[in-house]
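Here the structure is laid out as structure tokens; the discussion comes afterwards.
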Amino acid sequence: MPMPSAAMWLDGLVSRSGGKRINFIVALRAALGSALRPRMARRVARAIPETGTRTPHVTLVGAGPGDPDLLTVAAARAIAQAEVILYDHLVGPGILALAQPGVELICVGKRSGRHSHSQEAINDLIAAQARTGRRTVRLKGGDPMIFGRAGEEIEHLERVGISVSVIPGITAALGCASSAGLSLTKRGVSRAVTFVTAHAREGDATEPDWARLADPKGTLAIYMGREAARRVGRGLTAGGLSPDTPVLAVENGCRPDERHHRTTLGAMAERGVTAGNGPTLLLIGWALEDRAAYAGDALGAGGHVGQGLGHD
Numbered sequence: 011m012p013m014p015s016a017a018m019w020l021d022g023l024v025s026r027s028g029g030k031r032i033n034f035i036v037a038l039r040a041a042l043g044s045a046l047r048p049r050m051a052r053r054v055a056r057a058i059p060e061t062g063t064r065t066p067h068v069t070l071v072g073a074g075p076g077d078p079d080l081l082t083v084a085a086a087r088a089i090a091q092a093e094v095i096l097y098d099h100l101v102g103p104g105i106l107a108l109a110q111p112g113v114e115l116i117c118v119g120k121r122s123g124r125h126s127h128s129q130e131a132i133n134d135l136i137a138a139q140a141r142t143g144r145r146t147v148r149l150k151g152g153d154p155m156i157f158g159r160a161g162e163e164i165e166h167l168e169r170v171g172i173s174v175s176v177i178p179g180i181t182a183a184l185g186c187a188s189s190a191g192l193s194l195t196k197r198g199v200s201r202a203v204t205f206v207t208a209h210a211r212e213g214d215a216t217e218p219d220w221a222r223l224a225d226p227k228g229t230l231a232i233y234m235g236r237e238a239a240r241r242v243g244r245g246l247t248a249g250g251l252s253p254d255t256p257v258l259a260v261e262n263g264c265r266p267d268e269r270h271h272r273t274t275l276g277a278m279a280e281r282g283v284t285a286g287n288g289p290t291l292l293l294i295g296w297a298l299e300d301r302a303a304y305a306g307d308a309l310g311a312g313g314h315v316g317q318g319l320g321h322d
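Under my numbering, the first residue of the sequence shown is numbered 11, with each subsequent residue one higher.
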């Protein structure tokens with residue numbers, strides 16, 4: 011449960027007084043509100059400059075794992091204030107619907123095997139939009155700083171004299187774990203979580219250090235893992251991780267069409283995972299064991315965080 015703000019606490023105190031307005035509480039609440047609002051406004055202004063300044067600026071916004079309810083307040087505000095949004099394929103229509111009427115929406119998404127834009131072209135397009143002086147948002151699925159190529163875009167924009175700010179988002183591993191009711195760092199079972207991408211940069215044929223990643227006392231979150239599932243399974247078993255290690259593949263995490271597939275590392279090494287065509291995250295480790303014990307090895311529907319406990 012989120013910690014209540016001072017203003018919320020004071021509201022509750024006023025209501026408990028039987029509806030009588032206690033002068034000092036009302037005055038204190040007003041003073042708190044007036045003190046906090048300017049600081050919040052300044053924070054937003056740094057991220058989304060006024061159009062009239064015509065200073066080229068880009069706000070990188072994390073759209074979270076798919077459910078619009080999982081956006082941060084800052085992300086929702088930035089989307090609503092934007093005049094041009096360059097978004098990825100993983101950003102759902104419910105999130106784009108938060109944009110104001112008339113905003114220019116530009117899809118620059120990259121999917122495995124279907125890259126509609128090169129990264130260099132995306133960098134140039136973002137810079138060109140920022141130079142128009144419009145409020146420019148670069149909208150990325152999950153958290154922009156986790157396998158989102160944000161570093162390359164920030165470096166390019168700063169190199170050409172365009173300032174950048176970042177609004178973080180809930181990354182896929184955390185959203186999917188919450189939707190499935192899993193603790194990735196279950197006490198006494200998993201002492202670490204490691205984020206790994208199964209998708210290498212074009213032309214990079216190097217493999218991850220599977221022996222280092224094969225830690226039975228940790229949990230692995232493998233991003234973009236569906237097509238690489240067999241390779242991941244073989245690498246981790248060869249690295250020393252038990253073939254019995256539980257695996258959960260989450261397809262379309264935190265969306266209405268979320269699907270779960272439970273298997274083991276050894277079975278995944280042989281057969282992969284039977285997920286569909288949606289983006290799929292692999293969670294691997296013994297922290298998943300208790301949930302897997304009664305969930306079976308089948309696909310199940312999921313969707314929203316807080317509603318996933320009965321869907322495994």
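Cβ coordinates follow ideal geometry from the N, Cα and C atoms, glycine included.
Within the segment 139-192, the complete alpha helix (DSSP H) segments of 4 residues or longer fall at 160-169, 182-189, listed in chain order. Taking the C-beta atoms as reference points, L275 is found nearer than 8 Å to T255. Following the DSSP letters along the chain, one finds G72 inside the beta strand (DSSP E) bounded by residues 67-72. Boundaries of the alpha helix (DSSP H) around V83: 83-91. Per DSSP, V118 lies in no beta strand (DSSP E) segment and is marked neither H nor E. In its chain, beyond the 5 residues on either side, A297 have a beta carbon closer than 6 Å to the beta carbon of K196.
Secondary structure at P289: coil, using DSSP grouped into helix, strand and coil. As the crow flies, the alpha-carbon of G243 is around 6 Å from that of M278.
R148 and V260 have their alpha carbons spaced roughly 26 Å apart. In the structure shown, E268 adopts coil according to DSSP, grouped into three states. Around G185, the same chain offers G74, P75, G76, D77, L80, G152, G263, C264, V315 as residues with beta carbons nearer than 8 Å, after the five sequence neighbours per side are excluded. Rounded to the nearest angstrom, the gap between the Cα atoms of I89 and E268 is 24 Å. Rounded to the nearest angstrom, the gap between the Cα atoms of R159 and T273 is 30 Å. Sequence-distant Cβ neighbours of R141 in its own chain, meaning closer than 8 Å and more than five residues away, are P66, I172. The three-state reading of DSSP puts E261 in strand, counting E and B together.
The Cβ atoms of V170 and A137 lie closer than 8 Å to each other. According to the DSSP assignment, T247 belongs to the alpha helix (DSSP H) that extends over 239-248. Across the structure, A231 and S189 are spaced so that their CA atoms are roughly 14 Å apart. DSSP, reduced to helix, strand and coil, places A231 within a strand of the structure shown. DSSP lists L115, V147 as the beta-bridge partner residues of I95.
With a contact defined as Cβ atoms closer than 8 Å, V68 and T146 qualify at about 5 Å. Here P78 carries a helix assignment [DSSP, helix/strand/coil]. Assigned with DSSP and collapsed to three states, P103 falls in helix.
In terms of Cβ geometry, A84 and A109 do not form a close pair [threshold 8 Å]. Beta-carbon to beta-carbon, G235 and P218 are separated by about 12 Å, too far to satisfy the 8 Å threshold. If you draw a 10 Å sphere on the C-beta of L251, you find 16 or more other C-beta atoms in it, and that means buried.
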